[in-house]
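Quick note, the sequences are listed as chains A and B, same order.
Counted from 1, the first sequence has number 299 at position 299 by my numbering; the numbering is strictly sequential.
Just add 1000 to wherever you are in the second sequence, counting from 1, and you've got my numbering.
Worksheet: one structure, shown below.
2 protein chains.
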Amino acid sequence: MRLLNHFPGQLGRRMYAAPSSAAIPAAKKKYVPTSGTYPQGFKVSGTVVGVKPSNTTKPDLAFITSDRPCAAAAVFTKNKFQAAPVTFSRSLLQQKKNSGLQGVLINSGCANAVTGKGGLEDAEAMATEADKALGAEKGTIVMSTGVIGQRLPIKKILDNVPTAFGKLGASHDHWLTCATAICTTDTFPKLISKSFSLPSSPSVEYRIAGMTKGAGMIHPNMATLLGVVATDAPISPELLPGLLKGAVDKSFNSITIDGDTSTNDTVALLANGAAGGQAIVSERSQDYEAFQEVLASFSTDLAKLIVRDGEGATKFVTIRVTESWSEEGARKIASTIARSPLVKTALYGKDANWGRILCATGYALVTEPGASVNEVAEITPEKTNVSFIPSDGSAELRLLVNGEPEVVDEERAAQILEHEDLEILVRLGTGKEEATYWTCDYSHEYITINGDYRT
Amino acid sequence: MRLLNHFPGQLGRRMYAAPSSAAIPAAKKKYVPTSGTYPQGFKVSGTVVGVKPSNTTKPDLAFITSDRPCAAAAVFTKNKFQAAPVTFSRSLLQQKKNSGLQGVLINSGCANAVTGKGGLEDAEAMATEADKALGAEKGTIVMSTGVIGQRLPIKKILDNVPTAFGKLGASHDHWLTCATAICTTDTFPKLISKSFSLPSSPSVEYRIAGMTKGAGMIHPNMATLLGVVATDAPISPELLPGLLKGAVDKSFNSITIDGDTSTNDTVALLANGAAGGQAIVSERSQDYEAFQEVLASFSTDLAKLIVRDGEGATKFVTIRVTESWSEEGARKIASTIARSPLVKTALYGKDANWGRILCATGYALVTEPGASVNEVAEITPEKTNVSFIPSDGSAELRLLVNGEPEVVDEERAAQILEHEDLEILVRLGTGKEEATYWTCDYSHEYITINGDYRT
Chain A
1 MRLLNHFPGQ
11 LGRRMYAAPS
21 SAAIPAAKKK
31 YVPTSGTYPQ
41 GFKVSGTVVG
51 VKPSNTTKPD
61 LAFITSDRPC
71 AAAAVFTKNK
81 FQAAPVTFSR
91 SLLQQKKNSG
101 LQGVLINSGC
111 ANAVTGKGGL
121 EDAEAMATEA
131 DKALGAEKGT
141 IVMSTGVIGQ
151 RLPIKKILDN
161 VPTAFGKLGA
171 SHDHWLTCAT
181 AICTTDTFPK
191 LISKSFSLPS
201 SPSVEYRIAG
211 MTKGAGMIHP
221 NMATLLGVVA
231 TDAPISPELL
241 PGLLKGAVDK
251 SFNSITIDGD
261 TSTNDTVALL
271 ANGAAGGQAI
281 VSERSQDYEA
291 FQEVLASFST
301 DLAKLIVRDG
311 EGATKFVTIR
321 VTESWSEEGA
331 RKIASTIARS
341 PLVKTALYGK
351 DANWGRILCA
361 TGYALVTEPG
371 ASVNEVAEIT
381 PEKTNVSFIP
391 SDGSAELRLL
401 VNGEPEVVDE
411 ERAAQILEHE
421 DLEILVRLGT
431 GKEEATYWTC
441 DYSHEYITIN
451 GDYRT
Chain B
1001 MRLLNHFPGQ
1011 LGRRMYAAPS
1021 SAAIPAAKKK
1031 YVPTSGTYPQ
1041 GFKVSGTVVG
1051 VKPSNTTKPD
1061 LAFITSDRPC
1071 AAAAVFTKNK
1081 FQAAPVTFSR
1091 SLLQQKKNSG
1101 LQGVLINSGC
1111 ANAVTGKGGL
1121 EDAEAMATEA
1131 DKALGAEKGT
1141 IVMSTGVIGQ
1151 RLPIKKILDN
1161 VPTAFGKLGA
1171 SHDHWLTCAT
1181 AICTTDTFPK
1191 LISKSFSLPS
1201 SPSVEYRIAG
1211 MTKGAGMIHP
1221 NMATLLGVVA
1231 TDAPISPELL
1241 PGLLKGAVDK
1251 SFNSITIDGD
1261 TSTNDTVALL
1271 ANGAAGGQAI
1281 VSERSQDYEA
1291 FQEVLASFST
1301 DLAKLIVRDG
1311 EGATKFVTIR
1321 VTESWSEEGA
1331 RKIASTIARS
1341 PLVKTALYGK
1351 DANWGRILCA
1361 TGYALVTEPG
1371 ASVNEVAEIT
1381 PEKTNVSFIP
1391 SDGSAELRLL
1401 VNGEPEVVDE
1411 ERAAQILEHE
1421 DLEILVRLGT
1431 GKEEATYWTC
1441 DYSHEYITIN
1451 GDYRT
């Protein structure tokens, strides 16, 4: 028999369950907000269901609702093995043409992935039960995260939907509990909120709030990564998919923990217009551009929290590749450096090993043997520069200048690497494009967490 | 000042120096031959030079020579930052049209990479000094492996070339010492030899011998991977590059330790014809085909030794992807599974986590966001099968059958995962092509080795 029980974590290990506020590591507490400004018309809750039988205390069912129909869009994983909630929600959004949505119901503890026809029925049943509570018609999308290949304890979940509905509220505590309910191996809930205004309605205060979860299998397209962003700004349904895609490419799709990409990844955006003001109805309006910027920056802040909580991570590393002939080339190089196990272990070892950074740069555009894809562009070794940008605002430390190694002050390098945050800057000297990735290091704890995950 | 000294390894750590026979781990001793049959006309040596000042006892200069001119070919790294010995040797082989070569001189301890014009002069000086000893004219190619960005202690090396020449010999001990001299973080020298015959000269005994070194930065195209293969079969120079490329694609380019690809990788093939018999002069001869097969299988055995010695490795895993619509697709999927940190940590944890294997399969053909490359073909979830093939010859353990999870006997899975060797078989059910990769797991020791490498 497959053993799928997950026993509560031992000391020193991550638990495969949502974190309680007591369990948040001291160093991470600063990333958990103690207050917030949340969009009007939204109510949320987090409920203890016990999706995993071992869980009797942590919220594992999140419900995000709007008191009026929303425009909604979502970006889904590109993994060929798409989980049932992905298939269901994608189809619903298409059918509804991105309008008339009212809720998002999310369980953690079980991914409902590779579960065949039964799994799809479970996903639909969750949505139907939520619709019933909300009095909506085909108004709920669903998400799941957890172990693959296991059916949901669907009765337990459905029985708890009325409870989840009854617990809905708009306070900061409601939002934080809801954000906690979507966590798996995360060590802290990831929640952000902020206010903004739009050019055409300067007196209206709009709000945007979002939650996300990581922590393993994080790599673009996308990851065991769920995200929900809600705003009370009024936006036309047909504009939402483009706005979300643009924001996700530069945020959730620019982070990497381990290069793995999961079956369940979903980021959804809901806009209910409850704050009033002039609606955004055209891509060529100032409001559209302003909101696009707000959403991209907000999504980036949210995505960075996932890297902060990378499994076993001790470092938060920004990889910036500039002066590139193309954005695509810069992205590929940033991504390759961000994924390199040798770079990631050197960072863990606080080792200013620019050779490994250079090495990763050098093979980033090399195709697999036998592949028919050609290299897209050239790197010129004599034009390549690598530097560390310290997080304390002090001067850049040059490691490689125009392809020649610098005599490095190792003491200074060691000081820079003592900080949690670091930027690695690679200037290619061949153009004007750039790209940024965020990543973390590989530690002994990463191996422990992932060697032990199922047992 | 950059600190480039490498102090002798502490207990429990790999030394960044060639292994002495006393230091070879008990479990690896079976991979080190105690005798061999070596190709005629070749003499080799390994000499203690002290390329790294801390090394005073381990051979670190390898010299492989032939008493007559050889046909020679080499496959080099595709990394954009190519080390000086790569640039030098590639150019020499072109200039000599793959003929008239007599020696290969290799140092470990310093990669002579990212060393500019001076580095290129050093590579050339090594070759010239070897030529002088051999009485050859432009007859030596060179290789280097070790830390990047450091100049060679060139005087020390050149001063020792006559010594290396004086120590040349054809015995098994000579070959083993030579194989030891190219090692860096390897825990054992990698040497194989065998005899073979060719259809047109059935009474002639040909021999082939080869050495290689790994252990980190191992991924196709290629790795901090050096290899030299020598045979006494008579082969036309113009046929050698094609023969070698074909063999390397299915051997050295089908292994992965950590997905990193280095600046120095070189595999060279020398054929001196000393055994006599009918020369291979056409691609359309039976002898050509027979030798191609010998070389491919020999190179595969050699390459597998590198995986056996992967940094921190506790497992040797064969990834076979069959029933694919294309070999390219199968390769990409096998490579992606082989590189997945989540698969590699699960193997370390002896966890039959087929979800991660499936997940890697599902994202193998997904392009980076923003990339213009399209997916080459389709995976059909309902046709996908995943099994473990035990190394003890017992029955296959089915994990996923036609996209549906099996009820897995976890006890049996645990038994299978106790063995060092394992085959993961993925049947795609969409065609007839296949590809095989070899990989190892990620352990705590991998992190320790690579977090500490420079310090």
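All C-beta atoms, glycine included, are put in the ideal place defined by N, C-alpha and C.
ask   = Counting pairs of beta carbons, one from the region 325-332 of chain A and one from the region 1124-1135 of chain B, are three or more of them closer than 8 angstroms?
value = The region 1124-1135 of chain B and the region 325-332 of chain A do not touch, with fewer than three beta-carbon pairs separated by less than 8 angstroms.
request  = Give me the Cα-Cα distance between M143(A) and L1061(B), rounded to the nearest whole angstrom.
outcome  = Reading the first sequence from its first residue, position 143 is the one you call residue 143(A). Reading the second sequence from its first residue, position 61 is the one you call residue 1061(B). Whole-angstrom Cα-Cα distance: 59 angstroms.
key: Closest by C-alpha distance to A1274(B), when choosing among I1319(B), V1051(B), R1068(B), S1171(B)   = Sequence index remark: in the second sequence, residue 1274(B) carries index 274 (1-based). Taking the Cα of A1274(B) as reference, the smallest distance to any Cα among I1319(B), V1051(B), R1068(B), S1171(B) is reached at R1068(B).
inquiry  = Please give me, in chain order, every unbroken run of the beta strand (DSSP E) with length at least 3 that falls completely inside the region 57-115 of chain A.
reply    = Within the region 57-115 of chain A, the complete beta strand (DSSP E) runs of at least 3 residues are 61-76, 99-108.
inquiry  = Counting C-beta neighbours from all protein chains within 10 Å, is the total for E1311(B) 16 or more, i.e. buried, or is it exposed?
reply    = By one-based count along the second sequence, residue 1311(B) stands at place 311. It counts as buried.
request  = Report yes if the C-beta distance between I182(A) and T145(A) is below 8 angstroms; otherwise report no.
outcome  = Translated into the one-based positions of the first sequence, residue 182(A) becomes position 182. Translated into the one-based positions of the first sequence, residue 145(A) becomes position 145. With contacts defined by Cβ atoms closer than 8 angstroms, I182(A) and T145(A) form a contacting pair.
inquiry  = I need the straight-line Cα distance from L365(A) to C359(A), nearest angstrom please.
reply    = In the first sequence, residue 365(A) corresponds to position 365, counting from 1. In the first sequence, residue 359(A) corresponds to position 359, counting from 1. Rounded to the nearest angstrom, the two C-alpha atoms are 11 angstroms apart.
inquiry  = Looking at the secondary structure, which residues open and close the beta strand (DSSP E) in which K30(A) lies?
reply    = Reading the first sequence from its first residue, position 30 is the one you call residue 30(A). Element bounds for K30(A): n/a, residue is neither H nor E.
task = Could you tell me the distance, in whole angstroms, from the CA atom of G370(A) to the CA atom of G1214(B)?
result = As a working note, residue 370(A) is residue 370 in the first sequence. As a working note, residue 1214(B) is residue 214 in the second sequence. At G370(A) the pLDDT is 40, less than 50, meaning the model places this residue with poor confidence and gives no usable figure here.
inquiry  = Any beta carbon of chain A sitting closer than 8 angstroms to that of Y1437(B)?
reply    = Here residue 1437(B) is taken as the residue at index 437 of the second sequence, counted from 1. When Cβ-Cβ separations below 8 angstroms define contact, Y1437(B) makes no contact with chain A.
As assigned by DSSP and simplified to three states, the class of G46(A) = If you number the first sequence from 1, residue 46(A) lands on position 46. Strand at G46(A).
inquiry  = Which residue marks the beginning of the beta strand (DSSP E) containing Y1038(B), and which one marks its end?
reply    = Taking the first residue of the second sequence as 1, we reach residue 1038(B) at position 38. The continuous stretches of beta strand (DSSP E) do not include Y1038(B), and DSSP gives it neither H nor E.
ask   = Any idea which residues DSSP pairs A1438(B) with across the strands?
value = Counted from its first residue, the second sequence places residue 1438(B) at position 438. Correcting the residue identity first, residue 1438(B) is Trp in this sequence and not Ala. Under the DSSP definition of a beta bridge, W1438(B) partners with I1255(B), T1318(B).
query = How would you call Q1102(B), buried or exposed, if buried means at least 16 neighbouring beta carbons within 10 angstroms?
reply = On the second sequence, position 102 is the one that residue 1102(B) refers to. Buried is the call here.
ask   = Going by the beta-carbon positions, is the gap between S1335(B) and V1281(B) smaller than 8 angstroms?
value = Against the second sequence, residue 1335(B) aligns to sequence position 335. Against the second sequence, residue 1281(B) aligns to sequence position 281. Contact: no.
request  = Determine the contact status of A318(A) and W438(A), defining contact as a CB-CB distance below 8 angstroms.
outcome  = Within the first sequence, the letter at position 318 stands for residue 318(A). Within the first sequence, the letter at position 438 stands for residue 438(A). What sits at residue 318(A) in the sequence shown is Thr, not Ala. Contact flag set, yes.
ask   = Just how far apart, CA to CA, sit F76(A) and V86(A)?
value = Mapped onto the first sequence, residue 76(A) falls at position 76. Mapped onto the first sequence, residue 86(A) falls at position 86. Those two C-alpha atoms are separated by around 7 angstroms.
inquiry  = On a Cα-Cα basis, can you pick out the residue from E283(A), V321(A), F388(A), G349(A) that is closest to G246(A)?
reply    = To locate residue 246(A), count along the first sequence from 1; it is residue 246. Cα-wise, what sits closest to G246(A) is E283(A).
query = For K432(A) versus G403(A), is the C-beta distance shorter than 8 angstroms?
reply = Stepping through the first sequence from its first residue, residue 432(A) is reached at position 432. Stepping through the first sequence from its first residue, residue 403(A) is reached at position 403. Cβ atoms of K432(A) and G403(A): not closer than 8 angstroms.
ask   = Do you know how far the Cα of A352(A) is from the Cα of E410(A)?
value = Against the first sequence, residue 410(A) aligns to sequence position 410. Against the first sequence, residue 352(A) aligns to sequence position 352. Cα to Cα, E410(A) sits roughly 8 angstroms from A352(A).
request  = Tell me whether V401(A) is buried or exposed, calling it buried when 16 or more other Cβ atoms sit within 10 Å of its Cβ.
outcome  = Indexing the first sequence from 1 puts residue 401(A) at position 401. Label assigned to V401(A): exposed.
inquiry  = I need the DSSP call for S372(A), collapsed to helix, strand or coil.
reply    = As a working mapping, residue 372(A) is identified with position 372 in the first sequence. Only weak support exists for where S372(A) lies, its pLDDT of 36 falling under 50; the value from the coordinates is given anyway. DSSP places S372(A) in coil when its eight states are reduced to three.
message = Just to make sure I have the definition right: I need the residues of chain B whose C-beta is within less than 7 angstroms of the C-beta of K315(A). Which are they?
response = Taking the first sequence and counting its residues from 1, the one referred to as residue 315(A) is at position 315. Simply none; closest approach about 11 angstroms.
request  = Going by DSSP, name the residue or residues bridged to D351(A).
outcome  = Taking the first residue of the first sequence as 1, we reach residue 351(A) at position 351. Looking at the DSSP assignment, D351(A) forms no beta bridge with any residue, so it has no partner.
request  = Could you say which of L1347(B), T1115(B), E1289(B) lies nearest to I1148(B) if we only look at CA atoms?
outcome  = Within the second sequence, the letter at position 148 stands for residue 1148(B). Here the closest residue by C-alpha is T1115(B).
Residue-chain proximity (R1440(B), chain A), Cβ-Cβ < 8 angstroms = Within the second sequence, residue 1440(B) is the residue found at index 440, counting from 1. A small correction: the amino acid at residue 1440(B) is Cys; Arg does not occupy that position in the sequence shown. No, its Cβ sits nowhere closer than 8 angstroms to a Cβ of chain A.
Anticipated Cβ contact below 8 angstroms, I1064(B) with V1228(B), distance rounded = On the second sequence, position 64 is the one that residue 1064(B) refers to. On the second sequence, position 228 is the one that residue 1228(B) refers to. So it is a contact: roughly 5 angstroms between Cβ atoms.
task = Quick one: grab the DSSP three-state call for D392(A).
result = On the first sequence, residue 392(A) is found 392 positions in, with the first residue counted as 1. The answer is coil: DSSP assigns D392(A) none of H, G, I, E or B.
Members of the region 1113-1127 of chain B near chain A, C-beta cut-off 7 angstroms = Within the region 1113-1127 of chain B, those residues whose Cβ lies closer than 7 angstroms to any Cβ of chain A are, in chain order, V1114, G1116.
key: Neighbourhood of K250(A) by C-beta distance below 6 angstroms, restricted to the same chain and skipping five residues each side   = Indexing the first sequence from 1 puts residue 250(A) at position 250. Contacts found: A296.
request  = Look at the alpha carbon of G46(A) and the alpha carbon of G109(A), and state the distance between them as a whole number of angstroms.
outcome  = As a first step, residue 46(A) must be located in the first sequence, where it is residue number 46. As a first step, residue 109(A) must be located in the first sequence, where it is residue number 109. If you take the alpha carbons of G46(A) and G109(A), they lie about 14 angstroms apart.
inquiry  = For D186(A), count the other beta carbons within 10 Å of its own beta carbon; 16 or more makes it buried, fewer makes it exposed. Which is it?
reply    = In the first sequence, counting from the first residue as 1, residue 186(A) sits at position 186. Flag for D186(A) reads buried.
ask   = T263(A) versus chain B: which residues are under 7 angstroms apart at the beta carbon?
value = Working through the first sequence from its first residue, we reach residue 263(A) at position 263. Chain-order list of chain B residues neighbouring T263(A): C1359, G1362, by C-beta distance under 7 angstroms.
ask   = Does the region 440-448 of chain A come close enough to the region 392-400 of chain A that 3 or more CB-CB pairs lie under 8 angstroms?
value = No: fewer than three Cβ pairs fall under 8 angstroms.
query = Under a three-way DSSP split, which group does V1142(B) fall into?
reply = The residue given as residue 1142(B) occupies position 142 in the second sequence. Strand, per DSSP.
ask   = Per DSSP, which one or two residues make a beta bridge with K304(A)?
value = Here residue 304(A) refers to the residue found at position 304 when the first sequence is read from its first residue. Looking at the DSSP assignment, K304(A) forms no beta bridge with any residue, so it has no partner.
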